[in-house]
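Down below is the structure, laid out as structure tokens.
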Amino acid sequence: MEVLLILTYSAICIFKVFKLPLNKWTVPTAVLGGIILLGAIMVTMNYNHPYSEVARKYVPTTPIVPEVSGHVVDVPIKANHPLEPGEILFQIDAAPFVAKRDALRTQLSAAEEDLDRAQTLRKRGVGSERDVDRARSEMERLEGELEVASFHVEETTVRAPGHGYVTQLILHPGMRAVSLPLQPSMVFVHDQDARYVAFFWQNNVLRIEPGLEAEIAFDAIPGKVFTGKVEEVLPMMAEGQLKPSGTLITVNPYAEAAGRVPVIISISDPRFEAYQLPGGAFGQAAVYSEHAHHVAIIRRMLLRMSSWMSFLFPFH
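For the sequence shown, the positions run 10 to 325 when my numbering is used.
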């Protein structure tokens, strides 16, 4: 596009309008003037109306990890069907946990009888206070174990944490579900407002603030640009995260990228409600500040041209 504008400037504005002769002085001067002018326009536009070629739709999810491990006996849900909070996701075989709970109940009953007996003997002067304390301690220990066992029995029924759905359902009866954080049994997708995040270069931070007009275009919706506004500029980047470890931080310019600033954009365009984008949908975004507003039209044109380019995709 820059080359096209340069040629247009050189051929029309200079030679046709001003009727300049074509020689070794006028042609280079016209081209150089066009390059300088367009360069100034592009720099002004990029700084005051920043553009991000990396925008994505994010949806909150919860990895479903059961509190107990065991064989799955029932998975009553269907993939991608809406679920209500508390609805059963899957059922783990509760027989081992019920047996342990019942055994603890029996032991607790015996421990309560032992405590009554020890207290009676102490009142008669036959038993000691130590026997009473030992019996009470045993009863309280069994009460605690019974409470944990009852909790485990309840947790054999895994329920939905909120409104949403389970996608890519792989779990089936006969499989084993384990209580390991790194091995969830399924992924629950929350039915909440998605977040549309665009990642801008750090040079643009001074021109991006909440409330500014924004536009976003998705590859999945070619030829459409949707309006919105900047909701929030996140104060943290992944490159600035520190985790407890045995390694001290150091400068490694060959491994560390500069990082981009995440900016949350809320889409207010009513046309967008007609489209159902999947989580992770990719796109591009632009933010328009109040500075140098006269060059914002160029940014709008470029964003729409990029959106039209989404009609081109590989044919097989």
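The C-beta atom is built at its ideal place from N, Cα and C for all residues, glycine as well.
Just so it is clear, the structure is predicted and the values come from calculations on it, not from any experiment.
Test item: CB-CB of residue i and residue j under 9 Å
i, j, result
"isoleucine 276", "threonine 236", "yes"
"alanine 144", "arginine 133", "no"
"lysine 66", "proline 287", "yes"
"serine 188", "arginine 110", "no"
"glycine 173", "aspartate 142", "no"
"leucine 155", "leucine 124", "no"
"phenylalanine 197", "glycine 171", "yes"
"leucine 311", "tyrosine 56", "no"
"arginine 269", "valine 63", "yes"
"valine 77", "histidine 161", "yes"
"glycine 183", "histidine 80", "yes"
"alanine 301", "alanine 223", "no"
"proline 271", "valine 206", "yes"
"alanine 229", "alanine 283", "no"
"serine 316", "glutamine 293", "yes"
"isoleucine 97", "threonine 166", "yes"
"arginine 131", "aspartate 140", "yes"
"isoleucine 258", "methionine 54", "no"
Cα-Cα separation between residue i and residue j, rounded to whole angstroms
i, j, result
"asparagine 212", "aspartate 278", "28 Å"
"methionine 10", "valine 52", "Reliability of the predicted coordinates at methionine 10 is poor, the pLDDT of 48 falling under 50, and no value is obtained from them."
"serine 194", "isoleucine 73", "6 Å"
"leucine 13", "arginine 309", "Low confidence applies to leucine 13: its pLDDT is 49, below 50, so where it sits in the model is not reliable, and the reading given next is rough at best. Approximately 18 Å, taken between the alpha carbons."
"serine 319", "isoleucine 225", "13 Å"
"alanine 266", "glutamate 248", "8 Å"
"isoleucine 217", "phenylalanine 99", "46 Å"
"asparagine 261", "methionine 246", "17 Å"
"proline 105", "threonine 176", "30 Å"
"leucine 92", "arginine 168", "10 Å"
"tyrosine 297", "lysine 238", "9 Å"
"leucine 321", "isoleucine 179", "34 Å"
"proline 244", "proline 219", "12 Å"
"threonine 70", "glutamate 164", "20 Å"
"phenylalanine 227", "asparagine 89", "23 Å"
"aspartate 83", "proline 75", "14 Å"
"glycine 136", "threonine 115", "24 Å"
"leucine 41", "leucine 47", "10 Å"
"isoleucine 44", "valine 234", "29 Å"
"glutamine 250", "threonine 256", "14 Å"
"valine 68", "glutamate 240", "16 Å"
"methionine 146", "proline 253", "Residue 146 is actually serine in this sequence, not methionine. Whole-angstrom Cα-Cα distance: 40 Å."
"arginine 313", "glutamine 192", "43 Å"
"proline 190", "glutamate 299", "48 Å"
"glutamate 138", "proline 94", "51 Å"
Closer than 8 Å: residue i CB and nearest the ligand PLP heavy atom
i, result
"aspartate 123", "Absence of the ligand PLP is noted for the structure shown, with no ligands found whatsoever."
Per-residue DSSP class, three states only, for residue i
i, result
"isoleucine 258", "coil"
"phenylalanine 320", "coil"
"alanine 267", "coil"
"valine 242", "strand"
"glycine 292", "strand"
"alanine 144", "helix"
"valine 272", "strand"
"alanine 305", "helix"
"threonine 333", "This structure cannot settle anything about residue 333, because the visible part of the chain is limited to 10 through 325."
"alanine 229", "coil"
"glycine 237", "strand"
"glutamate 222", "strand"
"serine 315", "helix"
is_contact[residue i, chain C] using C-beta, thresh 9 Å
i, result
"leucine 312", "Annotation note: the requested chain C is absent from the structure, which comprises a single protein chain."
Selection from the options that minimises the alpha carbon distance to residue i
i, options, result
"valine 304", "Gln250, Ser137, Ala49", "Ala49"
"arginine 185", "Asp102, Asn89, Gly220", "Asp102"
"leucine 221", "Ile258, Val242, Arg313, Leu251", "Val242"
"glutamate 121", "Gly95, Val107, Ala108, Met148", "Met148"
"valine 107", "Ile258, Val157, Thr129, Glu138", "Val157"
Suppose only complete runs of 3+ residues qualify. What are the beta strand (DSSP E) ranges in the stretch 168–214, listed by chain order? 173–176, 195–199, 204–209
3-residue-minimum beta strand (DSSP E) runs that sit fully inside the stretch 44–116, ordered along the chain: 60–67, 70–73, 79–83, 97–101
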